[in-house]
Amino acid sequence: MTPEELVQKLHWLGHDSFRLDGPPVVYFDPWKLRGKPPVADLVLVTHEHFDHCSPEDVAKVSGPNTVILAGGNAAGQLRGARAVRPGDRVTVAGVEVEAVPAYNVNKFRAPGQPFHPKNAGHVGYVVTVKGVRLYFAGDTDAIPEMAQIACDVALLPVSGTYVMTVEEAVEAARTLNPAIVVPMHYGAGIGTPRDGERFAALYPGRTVVLRAM
């Protein structure tokens, strides 16, 4: 599989939520799902905030063989979920999964209190599907650990609300240097609907701006 072929199987479900069509079928932070979505082989949840950890939506895509991995305190809210921390690795349905750090360095709810603290165990994920490495950053700023992440496709937040701004995401993308960047975490009340296009205009590499389903 090529990075382009992987992105063709990727569906943006709004906000930070994605589905990667299979086999295997992988969901990232499923939230506000519509209709009858396909059953997941693997569900990846980054942390416990309500717009990322939705027990109702996870249940909607779960079947008897679905594996659920969850960072931060999210596992305690999701039936049958396995807790993961940064650095954990697991293989599910032929997909290699690595949990990587996700945290804020300059987005604060109060002085000295980041929205996503480094010690909270929140994660992003690097998944390897048929030889292609997809990095789902989760809710994060541009952090030093990104220099150690090798990926072909990067899903990066760009709204500046709780996460990187467009300009910060451009610098993160330069560090990661993937074949393709897909911007996320904007529109629908977070950032503006044009944030993805602004990222594409500023980033010199290849950007694919998906339309939310």
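Going by our numbering, the letters in the sequence shown line up with residues 14 to 226, in that order.
In this text, a Cβ means the ideal position worked out from N, Cα and C, and glycines have one as well.
Taking all protein chains shown into account, ARG47 has fewer than 16 neighbouring C-beta atoms within 10 Å of its C-beta and is therefore exposed. Taken atom to atom, the span from the alpha-carbon of GLU69 to that of ARG95 is near 17 Å. Between ALA201 and VAL194, the C-beta spacing is not below 7 Å. Its Cα nearest to that of PRO130, the residue GLY84 stands out among GLY93, GLY84, THR141.
Under the DSSP definition of a beta bridge, GLY200 partners with ILE203. The residue from GLY89, ASP64, PHE63, LEU57 with its alpha-carbon nearest to that of SER75 is LEU57. Rounded to whole angstroms, the gap between the alpha carbons of ASN119 and MET159 is 16 Å. With distances taken between CA atoms, LYS143 lies nearest to ASP165 out of LEU215, ALA123, SER30, ASP165. Residue range 80–83 is occupied by the beta strand (DSSP E) that includes LEU82.
Scanning ALA163, PHE149, ASP152, ASP42 for the CA closest to the CA of ASN190 turns up ALA163. With fewer than 16 other beta carbons inside 10 angstroms of its own, PRO124 counts as exposed. It is roughly 10 Å from the alpha-carbon of PRO157 to the alpha-carbon of PRO114.
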